[in-house]
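Please read the structure below before turning to the comments.
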Amino acid sequence: MALTMGIDIGSTTSKCIIMQDGETILASALKVGGIGTPSPDAVVAEALIKADLSKEDIACTVLTGYGRNRYEGGDCELSELSCHALGAHHIFPDVRTIIDIGGQDAKVISLNSKGKMQNFLMNDKCAAGTGRFLDVMATVLQIPVNELADYAARAENPVSISSTCTVFAESEVISQLANGAAMTDLVAGICASVANRVASLAKRLSLQNDVCMSGGVAQNAGVRLALEKAIGMPILFSPDAQYFGAIGAAIHGMNLCSKAE
Ligand code: ADP
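The structure is reproduced here in structure tokens:
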């Protein structure tokens, strides 16, 4: 039996997964805060406590995510693209396309039947079409991000957000609010804006079934449903979507252990 750990230090959130033999998830932990905050150490400590293990029990720890190069608690690193591919493949073996919307970027990744990343496209230049856009709008509307989907589901006449720039879209939302637009209709428009933006990135890569989402924004059903409509394909969802990078990192750790034997 080999125990491995995957630590995904994202731009906004740190995630840790402990796996047995690269198959079974023993523990998971997630905290808002990336590199330079106490969150990476905190998620490692929390996952070890949950699994009733100590760091010495872990055969290999693999780092991934935006902050992976600046964290000192790992044995090796692997890019988040490869880790998301491995993690998504573990949960959904038939997945060939991943749409990953994180706190600061969005990626569309194609992978083969073995979970190996084949190609990708990325938007890391603009906050529109990322979790950042949703976080900014949620703050303006004073709604927790995890409640955006509930608001979107109750929309009767979704408001179309015409500005593609986050700063201009923020002003647009403020003026729509002042004009009496319903919060539910505004939130539906905000979710659709992110979905349409990511869909135009996704359509530049040939989209193959099955498609799944990864990253924290996958938990927003408002974005998920709008994205399904925009790409015209069903999207698989797992409640562990935000952990796919960390799961992939733990699986990579297991692959390294198997090779070393
Ligand atoms: P990163 O790896 O870049 O830090 P994540 O993939 O962890 O990003 O996703 C972070 C994003 O997910 C944030 O923008 C946050 O608002 C969003 N998010 C996190 N939890 C939820 C939730 N329960 N519902 C909707 N959005 C969420």
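So for the sequence shown, our numbering puts the first residue at 929; every next one is plus one. Cβ coordinates follow ideal geometry from the N, Cα and C atoms, glycine included. Just so you know, these numbers come straight off a predicted model, no measurement behind them.
Spatially closest choice to residue i from the options, by CA coordinates
i, options, result
"G1015", "V1115, E1100 and C944", "C944"
"L933", "P1086, D1138, P968 and I963", "Reading the sequence as shown, one finds Met at residue 933 and not Leu. Here the closest residue by C-alpha is P968."
"R1024", "L1039, L981, A930 and Q1046", "L1039"
"S1121", "C1140, E1098 and G1143", "E1098"
"S1128", "G950, A1158, V1101 and A1109", "A1158"
"G1108", "V1087, T1092 and N1124", "V1087"
Residue i: CB within 6 angstroms of a non-hydrogen atom of the ligand ADP
i, result
"G1030", "yes"
"G1059", "yes"
"D1078", "no"
"G934", "no"
"G1108", "no"
"T941", "yes"
"V1073", "yes"
"N1148", "yes"
Coil, strand or helix - residue i by DSSP
i, result
"A1034", "strand"
"N1190", "Outside the shown range of the chain, which is 929 to 1189, sits residue 1190, and nothing can be said about it."
"D936", "strand"
"E1005", "strand"
"Q1046", "strand"
Neighbour-count burial assignment, residue i, 16 or more Cβ in a 10 Å radius
i, result
"S942", "buried"
"D985", "exposed"
"P1011", "It is Cys, not Pro, that sits at residue 1011 in the sequence shown. It counts as buried."
"C1119", "buried"
"G1160", "exposed"
**Study point:** the stretch 1013-1031 contacting the stretch 1166-1178, beta-carbon criterion three pairs below 8 angstroms
**Key:** Verdict: yes, contact present.
Practice item. Determine, using beta-carbon pairs with one atom in the stretch 1039-1052 and one in the stretch 1069-1081, whether at least three such pairs fall under 8 angstroms. Key: In short, these stretches do not touch, since the Cβ pair count stays below three.
Practice item. Examine the Cβ distances between the stretch 1169-1176 and the stretch 1045-1059 and report whether three or more of them are shorter than 8 angstroms. Key: The answer is no - the stretch 1045-1059 does not touch the stretch 1169-1176, with fewer than three Cβ pairs under 8 angstroms.
Review point. Okay, do the stretch 985-998 and the stretch 1133-1145 touch, 3+ Cβ pairs below 8 angstroms being the bar?
Key: Segments in contact, no.
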